[in-house]
Amino acid sequence: MPNRKTLTEIVRFDKPGMVADIPGAFSFTSSDYSFDDKTKILDACSMTKAYIENNREHTKKSADMKSDFAVAYDVFNSICDASVRLREKEFLKLFKAIIMIEFNGAELDTCRQAREAISRINVLDKSQTELIECMDILKTTYAPDYAANYSSLNSEEYSSLSSALTNVITILKRNNKYWLDAISLLCYDPEYNDVELENKYIYYAFTSLLGSYSDANICIIEPTPFFIRKMLQDTDLITVDTTVVLKNDHLANLIKSVLDSNRNANIRVITLEEYFKVIKLGPAGLTLMFGNHFEALDEKVGVIEAMFSEARDNHVLCYLDSDSAINMSNSHIHDLIKSSDIQRIDLLPSGIIRGTYPQKKTYLKLNYGDIHHKHDIEVVFHSLIDTGDYQAISTKTHSVEIEKTVYNDNPKCIRGYYRDSEQKRLKKGDGERHIAKVYAFSPEIDFLYTMFPHDDNTARIRAYVRIGSDLKQKPVVIPNTKKEKRSIKINTITNWLESDYPFVEIRKKDAGMISVRSIVSDAIRSLYKGRPVTVKTLIYAYYELEEEEYGKNRDFISMLSNSEIAEFKIDRITTNHLNDFLLSAYESKELCTSLSAATGIMRKMFDLAIENDHCRFNPADSLLIRNRERFEELDEVNYAVGKRFLSDEELTDIATRCFKRVKEGEAIYLAVLIRLFLGIEANIIAALTWKDLVSLRTDSKRIYQFRIEKQVGKDGSAVVPLKRNEQVRMIPLPGGLAELIMKAKTTAESKFIETQDDRLTNHRILTYNSINNNLSESVAVVTPAAINQLCREMLKGLDIPDMVVPVPDNRFGIAENDLGAFRGDIYKNTFRHYMVRETDIGLGELNYLLGIAAPNVDYGSYIGCDEKRKQIGMQKKIESMYEAIVSEIKNEQYNS
Amino acid sequence: MNSIILDNKFKLYTPDNSPNLMWAIANGFEEINDKNGVNESNRLLYVSDYNNTICPAIRPGLAIADYTEADIRDLFSRIVSLFPISEATFNSRHRHLILDPLEWFNEHYVNSEDRDWGAFYKFDDKGLGLDVALSRVRRTFTDREALILKHELLDDMSHISGEYVGIAICEYAAARLNESAGLYYNDIYPMLTHTKEYLMRLGVNTTKLHKNELKLSGKTLNAPRIIPILDILRDSLIKRMNYIESKMQFPYSDATGHIYSSVLELPVVCREDDFTRRSGADNISDAARELFKDKLQINENRMSGISELMFRDSELFAEEKDPTCYTCRRDCATELSIAFEEERYGLAYLQYYIGHQIEDKRFRRNDFTDEYYLHKMKKLIEKSHRVNRL
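Top to bottom, those sequences are chains Y and R. Reading the first sequence from the start, the letters are residues 5 to 900 in this note's numbering. Reading the second sequence from the start, the letters are residues 66 to 455 in this note's numbering.
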């Protein structure tokens, strides 16, 4: 088979008959050649034909081409039927040829066949790139004619085209380049002719709006194509959580496929009924509504209701088109706003955007009288045509002043003019977009009414105000009717509110069903609606709810209320603030409550704040949870990196306490000192007798040693030899420690009466009756468990984490052939650490002192009589380590 | 449709319909050989090589556009282990049979030139023999390069992109790529005893391979470590923190809805200017490669030599995996070894600092939570480190 190039040349110049008669070519090829070859030939034929026809202008619209096209289409169709898998480029060329032929020669009637051809694309299961090219061809050749003649299509044609395009779009899931055009073809709404206007305004509106949101619920009742297109094109809606609500099934599928192509968007296509369920669960922050069908109005109203009732973050973006604004009465919307907790509404008056009803000006009229009870509602008008006047509503604004005039003789409705900071009145053409912040402040008294339903049963509400620590009860009787309510002097209540420690205690006489918690939270919620909520208010709320806990932890709470944080707004408090406060409180040592209890209180307090929508997250919680989780997860890491010895301060602390006790006469504390400075285990210490205390030198510079060759069982009575013979060793004592032990010996000698059978040297060094030797040995025995307990008690005040303390650690259950075996024994570890740090001890000596049978240690070489020099060398090292620690103690004592 | 060169059993496309290495072999074969002037008999030899030894070892599911150095190394080792080929023949013939189609593909279909900059197979021994040439490759930075690095990384850390911070931590604190990517600002804190000196808690969190997700702990229990950092690094990190604080308002919630209450909860090594988004190890090494190429103007052959050296030293390869990180860490380790040279436990200090196993049995890793050691270490490093002299 020749190349494609040569093939086309052959077909064009040598076999023009094949080009003229494509079905003939097909039959010709079907007899002799394989499929691949056939497609190549067909490709060549169609290409040459297209090429020729394209270049020949006078034949472009000749009637002959119609039949040619029909033939080509037949070829194509037959290929499709045979489901031949054409190679990419061949297929494309063929397709292109067919389309070209069609549009060069045919009129609109034959487009139907082309449409069917496109609908066959799905059968072929092509890759994306080809289909994109297909769409490109379609776009360039097909669309302009089609759009112009759209209205002439009947419903069948419409549906066939739509199904064709949906086929394409479902395949083009990942590429969002051309589907927009497809939709614009499909969903073009012939009802409106002012396409440009619509484009422009919707473009401005939604790009500017959507730029500032990260989450959105998009509710599409009936998709208007330009909306979708411009919106999605010009804003990167990648992280948008969209919910599509549609009536028609095929449209639903279409939109779904379109939105699937957005990479990270979560799309759910649901019916309207389901939407109400979803909106409660989903991350609704923003709800967009568009659509303009009269039929859907009832549904639209339902959606709006759901939107208002379930809006998260107290924020609604509402696009109400003219129809719904007219038909859905303003009062209904006012009721909706009234019953919800929304703090900000973005309004897009549709009449402006659409531009079709410039004279009607169907703005949503929000009257002061209707929304004034909302304390901090912020209504933002987005306007694209500078009309110069608004039916805005306000009493106060922060940034923009509004000149009030009475509108339509209705005193409740106020027309406002915008003024900028220089008091210049804005005129037409000053800008394309004005945003007015309109605040409606209600009289503070209203909170009492919003709390309770206006039933006849709740006849009277009595309010008490507590100021500071003094209880100043000021009963206020608030009657039920509106007129009487107004008559109460507002000043009195505002005075209470402005005092430092406001708290309102409310008792309701007749209706007793409301729990205390809800009353208090409601009270606080309504009381502080319009003003910053500080930590102090939280404290008072907490006091009412958890009186018992408050009583227990009074010191902490008083410290909190006197601290700097108390004045902070709740929104602005971070974990760092709390952390700093806790640390400072803990360091001041006036705090009796434990840290965990204190943090627990703070967590509860901020939970209360979250319940009442004062802050979005719990700073105390994030602080604690992180630590808590990490503590469990990081067990392994801590195991490697955590501190497993006593620091300098801790060591001196324990040593001074022990020295003091020993000097006072409690000789049992010697056990702690021996463990600390010699690293000997409790089992061995308990078994030491006076006989084991040997002096190395006989001259005046005496050096004492412990001979270690036996240990004690768990009960402390039975003395057994060590597990291995190699562990028998001599451990030299530092001078200071030896002095203390010798002192204990002299006191023991002074009280002990030696007989021939019973000598002091046979007795243990550590007994409970070292001072009063009246008891028999069996009672006076010190068990290793007791020594361990004593050692643990010494650690108690040092704030060492629990996981470090257990003695010893048998986590791996391996033989103790390495220093790593004693990870858990903090005393032994401390000895090892300071020996390495303060002296230049070798590994062999260290293993010997710790009693570890390492392969490179020959114990015999340290014990023998000839090895005195080694013993003395070791003693010097231990001495220097001992003195490095004890000198600090002496310094401290000297300084104090 | 298969070509004449390969058997029909080999698939030219991945399941996603993108070409794999065998596609490049089949399509580029003639062009490559025409270019090199290979005669007929040799071509037949190559075809048999492809069919019998090379293509059976190629993974058909891996698209050619996704090939990394590690994949090529994998392929090499697989061929050597599967078939009895001597090293000489492998180096002279098979190596080229694999690399040539790759180069051909890069020439024709990939636009970026950086794709294989400093790849190990580009190393040119210049007629010296591979071993001799490799022994002459300089593995640490020169003074000039160190000066440029200091200028690029530390002079104005608040405005550089996040990946550069990661490079700085690799260069001046000997962190691995994954470890530096896993850092929070929370992990940089002052000592208790010497409050002006700062510590860095490395290796508690690290990132997963080729991703920016966190996982716990490093490669072994040796990895987690608390190390003192240089004053110059501390200053610039603090500057960056202050800059971020001035830029963002806390509590800050990002696009995913996660709320950060302070700077300390942010990742240190972020993606470019997005302070909340963590960058993975790959991003850092890409940035480092760019930096080495454009700013330091390191010879490409030298970089190729370093990665070839890493490939040869199998232990190192298992640990570092990236020549950029390797050079930074090696540079730092050289400085450290000079600093600790005359110290009594210098080797243990060094091994602790760079996160290797401590061979001195007297020490354990947790001994270094004692700030006595850390302070000592810090003083020694500060005294001898090159950055302070440049």
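In this text, a Cβ means the ideal position worked out from N, Cα and C, and glycines have one as well.
Per the coordinates, the alpha-carbon of residue 543(Y) lies some 7 Å from the alpha-carbon of residue 609(Y). By the Cβ neighbour-count rule, residue 73(R) is exposed, with fewer than 16 other Cβ atoms within 10 Å of its own. Shown here, residue 722(Y) sits in coil according to DSSP, grouped into three states, outside any helix or strand. The way I'd put it, the region 345 to 358 of chain R does touch the region 240 to 256 of chain R; three or more beta-carbon pairs between them come closer than 8 Å.
One Cα belongs to residue 189(R), the other to residue 201(R), and the distance between them is close to 12 Å.
Under the Cβ distance rule, residue 253(R) does not count among the residues neighbouring chain Y, no pair being separated by less than 8 Å.
Judged by beta-carbon spacing, residue 866(Y) lies within the 8 Å limit of residue 733(Y), meaning their Cβ atoms are closer than that value. For residue 316(R), a Cβ of chain Y is located within less than 8 Å of the residue's own Cβ. Using beta-carbon distances, residue 621(Y) counts as an interface residue toward chain R, with a partner under 8 Å.
Ranked by how close their Cα comes to the Cα of residue 581(Y), the residues 416(R), 390(R), 329(R), 429(R) have 329(R) in first place. Contact note: residue 880(Y) does not reach chain R at a C-beta cutoff of 7 Å; the least C-beta distance is about 17 Å. The C-alpha of residue 829(Y) is placed about 15 Å away from the C-alpha of residue 851(Y). For a cut-off of 8 Å, the C-beta gap from residue 215(R) to residue 455(R) is around 6 Å, short enough to register as a contact. By alpha-carbon distance to residue 650(Y), the top candidate from 800(Y), 872(Y), 857(Y), 853(Y) is 800(Y). Taking a C-beta cut-off of 9 Å against chain Y, the contacting residues of the region 424 to 440 of chain R are 425, 426, 427, 428, 429, 430, 431, 432, 433, 434, 435, 436, 437, 438, listed in chain order.
Here residue 655(Y) is buried. Its C-beta has 16 or more other C-beta atoms within 10 Å. For the pair residue 358(R) and residue 182(R), the CB atoms are nearer than the 8 Å cut-off.
Within a 10 Å sphere around the beta-carbon of residue 147(R) sit fewer than 16 other beta-carbons, which makes this residue exposed. Per DSSP, residue 267(R) is not a residue of any alpha helix (DSSP H); the beta strand (DSSP E) it occupies stretches across 263 to 267. In the three-state scheme derived from DSSP, where H, G and I count as helix and E and B as strand, residue 335(R) is classed as strand. Separation of the CB atoms of residue 222(R) and residue 302(R) is rounded to 7 Å, and the pair is thereby assigned contact status at 8 Å. In the DSSP assignment, residue 303(R) falls within the unbroken alpha helix (DSSP H) covering 296 to 312. Approximately 28 Å separates the beta-carbon atoms of residue 279(R) and residue 436(R); this is outside 8 Å, ruling out the contact. Per DSSP, residue 399(R) lies in no beta strand (DSSP E) segment; the continuous alpha helix (DSSP H) that holds it begins and ends at 388 to 404.
Non-local beta-carbon contacts of residue 416(R) in its own chain, meaning distances under 6 Å to residues more than five positions away in sequence, involve 423 in chain order. It is roughly 11 Å from the alpha-carbon of residue 158(R) to the alpha-carbon of residue 115(R).
Boundaries around residue 698(Y) are those of the beta strand (DSSP E), 697 to 699, since no alpha helix (DSSP H) includes it.
Listed in chain order, the non-local C-beta contacts of residue 432(R) below 8 Å within the same chain comprise 438, local neighbours out to five positions each way being set aside. A contact is defined here as three or more CB-CB pairs under 8 Å, and the region 294 to 314 of chain R meets this definition with respect to the region 251 to 269 of chain R. Contact between residue 834(Y) and residue 680(Y) is confirmed by a C-beta separation of about 7 Å, below the 8 Å threshold. Within the same chain, Cβ atoms closer than 8 Å to the Cβ of residue 397(R) are found at 235, 236, 237, 238, 239, 419, the five residues on either side in sequence being excluded.
By the Cβ test, the region 401 to 411 of chain R is not in contact with the region 262 to 278 of chain R, since fewer than three Cβ pairs between them sit closer than 8 Å. With a beta-carbon spacing of about 7 Å, residue 90(R) and residue 71(R) fall inside the 8 Å limit used to define contacts. The C-beta distance from residue 577(Y) to residue 618(Y) rounds to 11 Å, too long to fall under 8 Å, and the pair is not in contact. The alpha carbon of residue 735(Y) has as its nearest neighbour, out of 895(Y), 892(Y), 562(Y), 855(Y), the alpha carbon of 855(Y).
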